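Enquirer: Sharing a structure with you now.
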Amino acid sequence: MDAIEKAIRNALEKGNAEDRAFRERVYRSAFAALDRALQANPGVTVEMAIKRRKSIQATITEIESEFLPAVPDVGLEVDAATAEPAPGAAPAIEIGDKSPSPAAAVDSPAQPASDAPRSRVLPVVPDIMPDATLPGAPSIDMSAPAPSGAATEVAPDRDERRIRGRRLPLTAIFLTVTVLAAVGIGLFFAMQTGVFKTAAQLDTAPPEAPPTVEDDDFTPADGANAPAKPGSADRSRDWINVFSPTDPTHVAAPSDAKAEVMKDDSGPFLRIQSGASGSAVAFDVGQGVLEKLAGKHAVFDILARAEDGKDTQISIDCNFGELGDCGRKRYAVGQQRNEYLFDVKFPDKRPGSAGTIAINSDFDKQGKAVDIYEIRVSIEP
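In terms of UniProt numbering, the sequence shown is residues 1 to 381.
Structure representation (structure tokens):
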């Protein structure tokens with residue numbers, strides 16, 4: 001007797017073995033013990049586990065046959081064409097041994113002796129799975145190895161529920177990796193398209209140079225270098241006169257330009273008008289004035305207004321001989337008398353001659369005129 005059969009029989013002896021429900025609980029306990037043995041020995045193969053399970057099922061079938069009486073062959077009618085039991089026949093397995101046996105005599109002691117062939121009927125025992133706790137069934141220990149030669153090697157149970165349970169972490173890992181990959185790709189494309197860049201980072205144009213007072217430097221009417229209000233500079237500076245309408249002899253106008261002394265309620269002024277070629281009217285800066293400005297930081301002030309109803313833009317150029325120039329300046333001039341200032345830092349040299357300040361009355365060359373009231377200069381302290 002192998003270890004499995006011995007364990008089952010010992011368990012049956014602990015209760016009423018004639019009770020079929022009790023025997024079924026013992027058989028279920030045997031399968032439960034087998035499952036525990038399989039789980040405790042993960043090194044076995046699937047084929048060995050199946051072989052072990054069939055072995056215990058055969059053992060249970062053999063034990064269960066002892067509790068059923070033998071019946072005559074005529075009790076089991078089989079349709080030869082279909083090999084299926086006739087209606088009303090008990091579900092059993094017919095053992096092919098047709099000869100009388102002692103077991104048959106023991107199973108049916110009240111039957112008279114007969115030469116008719118007898119057969120033993122065995123129950124069909126299903127593969128009972130330990131799905132729940134079995135109250136009242138003795139525990140069966142199958143952890144110990146069976147005797148040599150028995151089918152003792154088993155593999156882990158192929159219970160699909162356990163397989164699905166083990167696969168859950170792999171599914172979660174796959175989903176996590178997929179989501180992370182999608183997020184990473186989205187971030188990559190967002191960075192490539194500049195979604196997270198600031199306006200300054202998106203501006204790939206060359207940096208703009210800071211504003212200077214060089215050629216064509218335009219000063220708006222309300223800017224930092226806007227013309228001062230009339231008389232506002234008189235209180236803080238000592239001015240040197242460069243031009244006054246009372247002495248227009250120091251003004252030179254090209255052939256297509258005009259310069260005319262005029263007077264109204266605002267006082268005398270020189271109305272200048274550049275020609276169609278855009279030529280400027282030049283105002284002399286005396287050599288004596290330049291000698292006072294040499295090596296100094298000077299501020300020039302031009303008092304002017306536009307002709308009635310004709311706002312304009314003027315441009316200013318300077319030529320101070322040995323002392324350089326002032327760059328080109330451009331101002332928007334309105335119809336109110338205002339002061340238009342610009343500063344020049346002169347080198348410490350002796351000027352060899354007089355200089356000039358040239359004014360174009362209409363930068364857009366539309367023939368607009370400008371009234372010049374005065375040109376003066378002061379030295380920064």
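Beta carbons are placed, not taken as given, at the ideal position from N, Cα and C, and that holds for glycine. These figures come from a predicted structure and were not determined experimentally.
Is the separation between the beta-carbon of residue 341 and that of residue 299 shorter than 7 Å?
Expert: As a first step, residue 341 is located in the sequence shown; it is residue number 341 there, counting from the start. As a first step, residue 299 is located in the sequence shown; it is residue number 299 there, counting from the start. Against a cut-off of 7 Å, the Cβ pair of residue 299 and residue 341 comes out as a contact.
Enquirer: Compute the beta-carbon to beta-carbon distance between residue 282 and residue 346, rounded to the nearest angstrom, for a pair I have assumed lies under 8 Å.
Expert: Within the sequence shown, the letter at position 282 stands for residue 282. Within the sequence shown, the letter at position 346 stands for residue 346. With 8 Å as the limit, residue 282 and residue 346 do not qualify as a contact, their Cβ atoms being about 19 Å apart.
Enquirer: For residue 49, count neighbouring Cβ atoms within 10 angstroms of its own Cβ and tell me buried if that reaches 16, exposed if not.
Expert: Position 49 of the sequence shown, counted from the first residue, corresponds to residue 49. Looking at its Cβ environment, which holds 16 or more other Cβ atoms inside 10 Å, residue 49 is buried.
Enquirer: For residue 355, list the residues DSSP reports as bridge partners.
Expert: Working through the sequence shown from its first residue, we reach residue 355 at position 355. DSSP lists 285 as partners of residue 355.
Enquirer: Indicate the three-state DSSP secondary structure (helix, strand or coil) for residue 315 in the structure shown.
Expert: By one-based count along the sequence shown, residue 315 stands at place 315. Three-state DSSP puts residue 315 in a strand.
Enquirer: With respect to the beta strand (DSSP E) encompassing residue 338, which residues constitute its N-terminal and C-terminal limits?
Expert: Along the sequence shown, read from residue 1 onward, the residue named residue 338 stands at position 338. Its beta strand (DSSP E) spans residues 338-345.
Enquirer: Could you check what DSSP says for residue 371 in three-state terms: helix, strand or coil?
Expert: For the purposes of this step, residue 371 is taken as the residue at position 371 of the sequence shown. Three-state result, residue 371: strand.
Enquirer: I'd like to know whether the C-beta atoms of residue 301 and residue 339 end up nearer to each other than 7 Å.
Expert: Looking up residue 301 in the sequence shown gives position 301. Looking up residue 339 in the sequence shown gives position 339. Result yes, Cβ atoms of residue 301 and residue 339 sit closer than 7 Å.
Enquirer: Which residues share a DSSP beta bridge with residue 297?
Expert: Sequence index remark: in the sequence shown, residue 297 carries index 297 (1-based). Looking at the DSSP assignment, residue 297 forms a beta bridge with 345.
Enquirer: May I have the straight-line CA-CA distance separating residue 280 from residue 257, to the nearest angstrom?
Expert: For this step, residue 280 is matched to residue 280 along the sequence shown. For this step, residue 257 is matched to residue 257 along the sequence shown. Going by the C-alpha atoms only, they are around 7 Å apart.
Enquirer: Note the first and the last residue of the continuous beta strand (DSSP E) segment covering residue 241.
Expert: Counting from 1 along the sequence shown, the entry for residue 241 is found at position 241. Residues 240-243.
Enquirer: Nearest to residue 266 by CA position, among 291, 253, 373, is which residue?
Expert: Taking the first residue of the sequence shown as 1, we reach residue 266 at position 266. Residue 373 is the option with its Cα nearest to residue 266.
Enquirer: Taking only three categories from DSSP, how would you classify residue 49?
Expert: Taking the first residue of the sequence shown as position 1, residue 49 is located at position 49. Here residue 49 sits in helix by DSSP.
Enquirer: Is any heavy atom of the ligand SAH found at a distance shorter than 6 Å from the C-beta of residue 364?
Expert: Among the components of this structure there are no ligands whatsoever, and the ligand SAH is therefore not found.
Enquirer: Please check the pair residue 23 and residue 66, which I expect to be a contact at CB under 8 Å, by giving their CB distance rounded to whole angstroms.
Expert: As a working note, residue 23 is residue 23 in the sequence shown. As a working note, residue 66 is residue 66 in the sequence shown. With 8 Å as the limit, residue 23 and residue 66 do not qualify as a contact, their Cβ atoms being about 10 Å apart.
Enquirer: Do the CB positions of residue 306 and residue 333 come within less than 7 Å of each other?
Expert: Taking the sequence shown and counting its residues from 1, the one referred to as residue 306 is at position 306. Taking the sequence shown and counting its residues from 1, the one referred to as residue 333 is at position 333. Note that the C-beta distance between residue 306 and residue 333 is below 7 Å.
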